[in-house]
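To start, the structure itself, in structure tokens.
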Amino acid sequence: MATLYIVGTPIGNLEDVTLRALRVLKEVDLILCEDTRVTMRLLSKYEIGTPTMSYHAQSKLSKVDKIFELLENGKNIALVSDAGTPCISDPGVLLASQVLEKFGKDVSIVPIPGPSALVSALSCAGISVADFVFLGFMPHKKGRETLFKEIATSKRVMVFYESPHRIEKTLESLEKFCGPERKVIIARELTKIYEEFVRGSVAEVRNFFNVNKDKVRGEFVVVVSAVS
Ligand code: SAM
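When we follow this note's numbering, the leftmost residue of the sequence shown carries the number 1, and every step to the right adds one.
Given below as structure tokens:
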């Protein structure tokens, strides 16, 4: 029986990869990547010569057919994304469901756990995160206001991903809907050279990024404390 491995890879620091992930990436017949150039940095560092192919939700059907054919022939495949755990807010999300639909129990889908920006941010947030709601990326238009209203009254910690282009706008919306005193934690550039946690009230954090424009870059996870 063929296996599709869903392999967690680093979110910045290339040392954040498990021994099992490296073994699986070495042993499979093909690695499906969000961007092969990004994954090649990891594969080169660990001297892994497995063939790669790009795959994302918009991939042509012919590509999906090729993946199906390989699995039908008993070949093992690993799916990785550019960063972290595949399928968590990234373009690999469709593959597991397509494989399940096509093969049912005839192909095993096996997780190889690894880093995720979501969990890394929560682990150092410094607030109680016994339970939380993960929102993925905030929508740009439709549904955005509704979601901010939900965050405003949430009794659970709310977490989402944000881009440098939108982080200031998002903080502005948080202040508008949740008020200036709501506590937030911004985890920036996790595991990278400029890793930073900015903690404080929404007003304080907004002011921080207003004053430090050079920090409005990189990758962000936003953690919003619950209503007490
Ligand atoms: N699958 C990934 C995971 O498990 O974390 C998430 C992929 S999603 C397409 C990319 C978003 O994750 C970025 O826009 C950012 O919000 C967040 N992210 C990824 N790497 C990060 C890092 N090193 N520091 C902070 N946020 C990060």
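Glycine residues also receive a C-beta, built at the ideal position from the N, C-alpha and C atoms.
Closest residue to residue i among the options (Cα-Cα distance)
i: Pro91; options: Phe103, Cys33 and Leu71; result: Cys33
i: Ser201; options: Ile112, Phe209 and Ile67; result: Phe209
i: Ile151; options: Thr170, Ser163, Lys141 and Arg166; result: Thr170
i: Ser120; options: Thr191, Arg20, Tyr5 and Gln98; result: Thr191
i: Thr146; options: Thr39, Phe177, Arg188 and Leu61; result: Phe177
i: Val184; options: Glu175, Val223 and Phe197; result: Val223
i: Ser116; options: Phe160, Gln98, Gly104 and Arg206; result: Phe160
i: His165; options: Ser44, Lys215, Gly12 and Arg20; result: Lys215
i: Lys155; options: Phe132, Glu175, Ser163 and Ser173; result: Phe132
i: Ser44; options: Ser62, Leu25, Glu195 and Leu61; result: Leu25
i: Ala2; options: Thr36, Glu27 and Val38; result: Glu27
i: Glu219; options: Glu195, Lys60 and Ala21; result: Glu195
Inter-residue spacing [alpha-carbon to alpha-carbon] between residue i and residue j
i: Arg217; j: Ala130; result: 30 Å
i: Asp125; j: Gly49; result: For the sequence presented, residue 125 should be read as Ala rather than Asp. Taking the straight line joining both Cα atoms gives about 38 Å.
i: Tyr46; j: Ser225; result: 39 Å
i: Val64; j: Glu15; result: 31 Å
i: Cys87; j: Lys149; result: 27 Å
i: Gly8; j: Met138; result: 23 Å
i: Gln58; j: Val107; result: 22 Å
i: Pro51; j: Glu168; result: 40 Å
i: Lys66; j: Ile77; result: 12 Å
i: Glu72; j: Ser89; result: 28 Å
i: Pro10; j: Gly179; result: 35 Å
i: Asp82; j: Thr18; result: 16 Å
i: Lys105; j: Phe68; result: 14 Å
i: Arg206; j: Leu118; result: 21 Å
i: Leu4; j: Leu79; result: 7 Å
i: Arg188; j: Lys213; result: 13 Å
i: Ser54; j: Leu100; result: 20 Å
i: Phe197; j: Leu70; result: 44 Å
i: Val221; j: Arg23; result: 30 Å
i: Arg199; j: Ile186; result: 6 Å
i: Ser62; j: Ile112; result: 27 Å
i: Ser163; j: Phe134; result: 16 Å
i: Arg37; j: Asn13; result: 16 Å
i: Glu290; j: Gln98; result: No answer is possible for residue 290: it lies beyond the span of the chain, which begins at 1 and ends at 228.
i: Asp35; j: Glu172; result: 33 Å
Assumed close pair residue i, residue j - CB separation to whole angstroms, cut-off 8 Å
i: Ile109; j: Val157; result: The Cβ separation is near 29 Å, so there is no contact.
i: Lys75; j: Asp29; result: 4 Å
i: Thr85; j: Gly114; result: 6 Å
Per-residue burial, residue i [other beta carbons within 10 Å of its own, 16 or more giving buried]
i: Ile193; result: exposed
i: Gly143; result: exposed
i: Val211; result: exposed
i: Gly136; result: exposed
i: Arg41; result: exposed
i: Val227; result: exposed
i: Leu95; result: buried
i: Leu122; result: buried
i: Leu174; result: buried
i: Glu181; result: exposed
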